[in-house]
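Reading through the structure tokens given below for one structure.
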Amino acid sequence: MKKILTYFLLGGVMPLIATPYGSFTSPISAELVAKGAVGIRQILIDDDDEMYWIEGRPEEKGRAVAVKYSSRKDVLPSSYYIRTTVHEYGGKCTAIHEGTIYFSNFADQNIYKLEQTGVVTRVTTTSVLRFGDFVVHPNGKWLYSVMEDHTNPLNVQNSIMKVNLETGDVEKIAAGHDFYAAPRLSPDGGRIAYIFWDNPNMPWDKTELWIGDLNQNGLIESEKKITGLENESVVEPSWSPKGVLYFVSDRNGYWNLYNEENEAVCEMNADFSAPIWVLGNKSYTFISINNKPHIAAIYTEKAIDFLALINLENNSFKKIPLEFNTLTDITVRKQNLVLLAKSPTELQQIIEIDPVSNQVTVLVAPEPLNIDQAFFSSPEIIEFPSLNDKNAFAFFYPPKNPNFKADASEKPPLIVFTHGGPTANVNPSLKLSIQFWTSRGFAVCDVNYSGSTGYGREYRDRLKGNWGVVDVYDVCSAAQYLVDKGLVDKEKLIIEGGSAGGYTTLAALTFRNVFKVGASYFGVSDLELLTKDGHKYEARYLDSLIGPYPADIATYHARSPLFHTDKLSCPVLFLQGGMDKIVPPNQAEKMYEALLKKKIPTAYILFEEEAHGFRSAPNIITSFEAELYFYRKILKIPTNEKAPPLKIMGLPG
Numbered sequence: 000m001k002k003i004l005t006y007f008l009l010g011g012v013m014p015l016i017a018t019p020y021g022s023f024t025s026p027i028s029a030e031l032v033a034k035g036a037v038g039i040r041q042i043l044i045d046d047d048d049e050m051y052w053i054e055g056r057p058e059e060k061g062r063a064v065a066v067k068y069s070s071r072k073d074v075l076p077s078s079y080y081i082r083t084t085v086h087e088y089g090g091k092c093t094a095i096h097e098g099t100i101y102f103s104n105f106a107d108q109n110i111y112k113l114e115q116t117g118v119v120t121r122v123t124t125t126s127v128l129r130f131g132d133f134v135v136h137p138n139g140k141w142l143y144s145v146m147e148d149h150t151n152p153l154n155v156q157n158s159i160m161k162v163n164l165e166t167g168d169v170e171k172i173a174a175g176h177d178f179y180a181a182p183r184l185s186p187d188g189g190r191i192a193y194i195f196w197d198n199p200n201m202p203w204d205k206t207e208l209w210i211g212d213l214n215q216n217g218l219i220e221s222e223k224k225i226t227g228l229e230n231e232s233v234v235e236p237s238w239s240p241k242g243v244l245y246f247v248s249d250r251n252g253y254w255n256l257y258n259e260e261n262e263a264v265c266e267m268n269a270d271f272s273a274p275i276w277v278l279g280n281k282s283y284t285f286i287s288i289n290n291k292p293h294i295a296a297i298y299t300e301k302a303i304d305f306l307a308l309i310n311l312e313n314n315s316f317k318k319i320p321l322e323f324n325t326l327t328d329i330t331v332r333k334q335n336l337v338l339l340a341k342s343p344t345e346l347q348q349i350i351e352i353d354p355v356s357n358q359v360t361v362l363v364a365p366e367p368l369n370i371d372q373a374f375f376s377s378p379e380i381i382e383f384p385s386l387n388d389k390n391a392f393a394f395f396y397p398p399k400n401p402n403f404k405a406d407a408s409e410k411p412p413l414i415v416f417t418h419g420g421p422t423a424n425v426n427p428s429l430k431l432s433i434q435f436w437t438s439r440g441f442a443v444c445d446v447n448y449s450g451s452t453g454y455g456r457e458y459r460d461r462l463k464g465n466w467g468v469v470d471v472y473d474v475c476s477a478a479q480y481l482v483d484k485g486l487v488d489k490e491k492l493i494i495e496g497g498s499a500g501g502y503t504t505l506a507a508l509t510f511r512n513v514f515k516v517g518a519s520y521f522g523v524s525d526l527e528l529l530t531k532d533g534h535k536y537e538a539r540y541l542d543s544l545i546g547p548y549p550a551d552i553a554t555y556h557a558r559s560p561l562f563h564t565d566k567l568s569c570p571v572l573f574l575q576g577g578m579d580k581i582v583p584p585n586q587a588e589k590m591y592e593a594l595l596k597k598k599i600p601t602a603y604i605l606f607e608e609e610a611h612g613f614r615s616a617p618n619i620i621t622s623f624e625a626e627l628y629f630y631r632k633i634l635k636i637p638t639n640e641k642a643p644p645l646k647i648m649g650l651p652g
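The sequence shown: position 335 = 334 (numbering that gives the first Met the number 0), numbered continuously.
As structure tokens, then:
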């Protein structure tokens, strides 16, 4: 017999039928999740303070467009798509100068210019070069860029390039190292700063910062090294209006601010930048307040962002109180700060802050969700014991739906999220991709496992040599911690993740017996295969995460789920992009075939036109609906919702 629960509403009594966790229905649909995936990727401020932003649109297959603030209209014809594939992950690939926007076009990776008249003209003519992280010289004649040369796909070359905007000719100004990033011109155009690094280092391991003096032709005639200590990650060089170079270094254990004399501007146990997964991070900017020079800086403590003003005359530090907890891409417009912001209850928006009064104005608001806040689960910060007597961190979201209530004796199923990277992190801002689950009666634990950023270098370095060990231990410990607290059902533990998080997911499912079911989004199953089929940017990443290849081949095999499917006994859903060059489809397909042979329930969805990460709205919708259906079927959670067209192989009955 079904139990009847009641609650009082507007003075009356409304009966509620006790409903099993995981079977709630919710207004937060997969369509809404896809709609909420619209993201602003860069803010552009022209000389006359006109503002543009670059916006990614899932409903247009992920196409990124330029939008003008004053008109709120697209300024780029629909046949163009702003995106670079430098390092495969891309990043910022636009710049603006006197009303003209320069951008990389996804289809051919060439540089184009968009004039205020709406006319688009191709600047470069190449079939093998890729460009990103643009800066235009003050004379308007040259553009400097990170360039990636794919003339020989087996020996991709990276450099800093000067592009003649009148002729389209390209000239290398810095070359000879494996990777380059962040070309930044001094205000007078006479000097350029840039960073580089070499294999097997990643940019969060060791980089070097150099300054070059430019001659009348815009080429480097002399240069000097600013810093590049052993085990020092230098990122985000930027010039002050007076021509002083600043940068961010983790020499003290956290990414802190320094000037070109290697003097600390602000030392604290917080990160003032992020890893270079994509080009063009912008975590600080320069602003004059009451005629005194300041740096406005975003800093991160335990994966939560804050904003501060640093007076450069005395290095005094002032925190600006904000309701937002995720901040990026800070710049200045009309002597106010402009940046991208998210909060625990609001999606991404562009805000403006008066640095004197701290007044916040929303310039570009997200589209209204028309969802009652009562459906949103608020994150709880949890810190839990893990390997070697050290703690790890996560954000826990309990189930929440005002229209349903489960039996008091029941505990909810738990989904443990494992982020990609693995050198990345998750934050507690509003994510419809999490609320989709919590509003259906699932609990969610979003884990910042060892190796995640936003906790300093020691926490990042925990993963060195230990990928597939400490991260797996952390996600399992997070789940067990919540079980021990009596917050979730130990018989309904789920794990899912994408890319590197997909690897942690598969490893946890294979080598530990904590989880009952999982989903891998373009996850790694064969570590050795990743070294052979991967791309240049991450070709030597596993040297630090696992060990040198092929010398440590035994370790690669020992930690690869594909070689240990005999230990895997729970169902897995695989979702994969057909054009993924970072984790190719064979990683998912081989694992899927192994589960088929063992007759373990499994399913595989290949999205032919997707690359690494799903950008198209229909595919985002399909993936969420398939994942929900898969979990409910495996865990025998009842539902009245329509089943998606997903065939689960090996499912009894």
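A virtual CB, placed ideally from N, CA and C, is assigned to each residue, including glycine.
These numbers were taken from a predicted model, which means no experiment stands behind them.
- In the three-state reduction of the DSSP assignment, His293 falls in the strand class.
- Look at Met160 here: in three-state DSSP terms it is strand.
- Met590 carries a helical assignment under DSSP once its states are collapsed to helix, strand and coil.
- Taking a cut-off of 8 Å for Cβ pairs, the region 52-62 and the region 240-252 do not touch, as fewer than three such pairs fall below it.
- DSSP places Trp436 inside the alpha helix (DSSP H), whose first and last residues are Leu431 to Thr437.
- For the pair Asn104 and Val122, the Cα-to-Cα distance works out to about 11 Å.
- Contact fails between the region 34-53 and the region 447-458, because fewer than three Cβ pairs, one in each stretch, are under 8 Å apart.
- Taking a contact as a CB-CB distance under 8 Å, the pair Lys399 and Ser438 counts as one, their CB atoms being some 6 Å apart.
- Taking all protein chains in view, the Cβ of Gln334 is surrounded by fewer than 16 other Cβ atoms within 10 Å, so the residue is classified as exposed.
- For Cys475, there is no enclosing beta strand (DSSP E); the enclosing alpha helix (DSSP H) covers residues Val469 to Asp483.
- The beta carbon of Val74 sits closer than 6 Å to the beta carbons of Ala65 and Lys67 from its chain, once the five residues preceding and following it are set aside; these are given in chain order.
- The Cβ atoms of Phe435 and Leu627 sit closer than 9 Å to each other.
- Per DSSP, the beta-bridge partners of Arg56 are Arg62.
- Going by DSSP, Thr330 is part of the beta strand (DSSP E) stretching over Thr325 to Arg332.
- In the same chain as Val331, and ignoring 5 residues on each side of it, the C-beta atoms closer than 6 Å to its own belong to Thr284 and Ile286, in chain order.
- With fewer than 16 other CB atoms across the displayed protein chains lying within 10 angstroms of its CB, Ala642 is exposed.
- Sequence-distant partners of Glu231 (beyond 5 residues in either direction) whose C-beta falls short of 8 Å from its own C-beta, in its chain, are Lys205, Thr206, Ser248, Asp249 and Arg250.
- For the pair Cys444 and Ile381, the CB atoms are nearer than the 9 Å cut-off.
- In this structure, Gly649 lies away from Leu605, with their beta-carbon atoms at least 9 Å apart.
- Annotation: Gly500 is outside any beta strand (DSSP E); the continuous alpha helix (DSSP H) that includes it extends over Ala499 to Phe510.
- Bounds of any beta strand (DSSP E) do not take in Val32; it lies within the alpha helix (DSSP H) bounded by Ala29 to Gly35.
- Assigned with DSSP and collapsed to three states, Ser239 falls in coil, not helix or strand.
- If you ignore the 5 residues before and after Ala174, its C-beta comes within less than 7 Å of the C-beta of Ser158, all in its own chain and listed in chain order.
- Under the three-state reduction of DSSP, Tyr283 is assigned to strand.
- Proximity to Glu114 across Thr124, Asp107, Thr299 and Phe102 peaks at Phe102, based on C-alpha coordinates.
- Residues of the same chain with a CB within less than 7 Å of the CB of Pro637, apart from the 5 flanking positions on each side, are Pro19 and Ser22 in chain order.
- Looking at the backbone, the Cα of Ala33 and that of Ile620 are separated by about 6 Å.
- Thr116 sits in coil when the DSSP states are folded into three classes, being neither helix nor strand.
- The continuous stretches of alpha helix (DSSP H) do not include Ile414, which lies in the beta strand (DSSP E) extending over residues Leu413 to Thr417.
- Proximity of the region 539-557 to the region 510-517 falls short of the contact definition, fewer than three beta-carbon pairs being nearer than 8 Å.
- Between Trp141 and Gly189, the CB-CB gap reaches or exceeds 9 Å.
- A contact between stretches requires three or more CB pairs, one per stretch, nearer than 8 Å, and the region 220-228 fails this requirement with the region 422-433.
- Distance from the CA of Phe316 to the CA of Pro421, rounded to the nearest whole angstrom, comes to 32 Å.
- In this structure Gly61 is buried. Its beta-carbon is surrounded by 16 or more other beta-carbon atoms within 10 angstroms.
- Here Leu326 is near Leu338, since their CB atoms are less than 9 Å apart.
- Judged by DSSP secondary structure, Lys632 falls within the alpha helix (DSSP H) whose first and last residues are Ala616 to Leu634.
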